[in-house]
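Data block below; observations after.
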Amino acid sequence: MQQLYHLPLDGAQIALNGQEAENQFVGCNCGIMDQLISALGKKDHALLIDCRSLGTKAVSMPKGVAVVIINSNFKRTLVGSEYNTRREQCETGARFFQQPALRDVTIEEFNAVAHELDPIVAKRVRHILTENARTVEAASALEQGDLKRMGELMAESHASMRDDFEITVPQIDTLVEIVKAVIGDKGGVRMTGGGFGGCIVALIPEELVPAVQQAVAEQYEAKTGIKETFYVCKPSQGAGQC
Numbered sequence: 001m002q003q004l005y006h007l008p009l010d011g012a013q014i015a016l017n018g019q020e021a022e023n024q025f026v027g028c029n030c031g032i033m034d035q036l037i038s039a040l041g042k043k044d045h046a047l048l049i050d051c052r053s054l055g056t057k058a059v060s061m062p063k064g065v066a067v068v069i070i071n072s073n074f075k076r077t078l079v080g081s082e083y084n085t086r087r088e089q090c091e092t093g094a095r096f097f098q099q100p101a102l103r104d105v106t107i108e109e110f111n112a113v114a115h116e117l118d119p120i121v122a123k124r125v126r127h128i129l130t131e132n133a134r135t136v137e138a139a140s141a142l143e144q145g146d147l148k149r150m151g152e153l154m155a156e157s158h159a160s161m162r163d164d165f166e167i168t169v170p171q172i173d174t175l176v177e178i179v180k181a182v183i184g185d186k187g188g189v190r191m192t193g194g195g196f197g198g199c200i201v202a203l204i205p206e207e208l209v210p211a212v213q214q215a216v217a218e219q220y221e222a223k224t225g226i227k228e229t230f231y232v233c234k235p236s237q238g239a240g241q242c
């Protein structure tokens with residue numbers, strides 16, 4: 001649309017339009033991560049996103065590392081799931097701290113008064129605070145090519161999504177366990193997306209991809225009755241005119 005109508009929009013503005021369409025017309029109170037990476041992605045890089053300022057930083061990916069996406073094919077719809085409920089719970093937490101967003105709350109402030117929060121809201125808040133910290137550290141680990149630390153952070157992230165944010169399902173947890181058993185400390189794996197089904201993402205050395213694919217093919221359907229879909233990806237340039 002920008003190119004067709006010669007609109008004076010930069011990548012961040014295009015992403016905002018996409019988010020607004022999903023919020024208002026689809027009915028899902030999503031964030032802006034997917035839209036920004038689509039608009040501003042850089043080949044062979046991840047993208048560190050500041051969702052408040054919409055500032056971004058391209059983070060170089062280590063050479064020889066594959067991005068593996070595995071779709072659990074466990075069907076769900078974000079609108080009909082508890083996705084919007086999680087958003088409401090986080091907003092409740094921010095109001096408790098009299099802040100516009102949980103971004104403005106420190107883990108020390110949270111720990112001091114966590115017992116005063118509704119237990120469910122407290123779990124949601126803890127996930128957001130710790131996940132923000134993990135994201136910043138993960139960008140540093142990627143730039144340094146430290147797959148071992150990246151794997152630890154991704155494992156912590158998945159556990160937090162499972163136990164505190166409570167958005168994983170048994171099929172997703174099973175996929176994560178299968179992949180982790182193969183890669184050990186040579187990479188990382190976690191759920192990705194809005195939760196309640198969908199996909200996992202793994203960052204692994206390219207030479208381990210065949211072993212991971214074989215393990216998943218042999219075990220996942222046998223354990224869940226569902227056949228997965230396996231994608232080996234590389235970070236690419238964002239959307240634009242060819």
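Mapped onto the numbering used here, the consecutive letters of the sequence shown carry residue numbers 1 to 242.
Note that CB positions come from ideal geometry on N, CA and C, so glycine has one too.
If you're wondering where the values come from, they're calculated on a predicted model, not measured in any experiment.
With a cutoff of 7 Å on beta-carbon distance, Q237 and K43 are scored as near each other. By the Cβ test, the segment 115-126 is not in contact with the segment 141-157, since fewer than three Cβ pairs between them sit closer than 8 Å.
For the 7 Å CB-CB criterion, A46 and V59 form a contact.
Note on geometry: alpha-carbon atoms of G240 and C51 lie some 22 Å from one another.
Bridge partners of L47 according to DSSP: A58. The beta carbon of F230 lies closer than 6 Å to those of I70, Q213 in the same chain, with the five residues before and after it left out. Annotated three-state conformation of P205 is strand, per DSSP.
By the 16-neighbour rule on beta-carbons within 10 angstroms, P235 is buried. Our two residues, V176 and V189, have alpha carbons roughly 6 Å apart in a direct line.
In the three-state DSSP reduction, R190 falls in the strand class (E or B). Excluding residues up to 5 positions away in sequence, I69, T192 lie with their Cβ nearer than 6 Å to the Cβ of V201 in the same chain.
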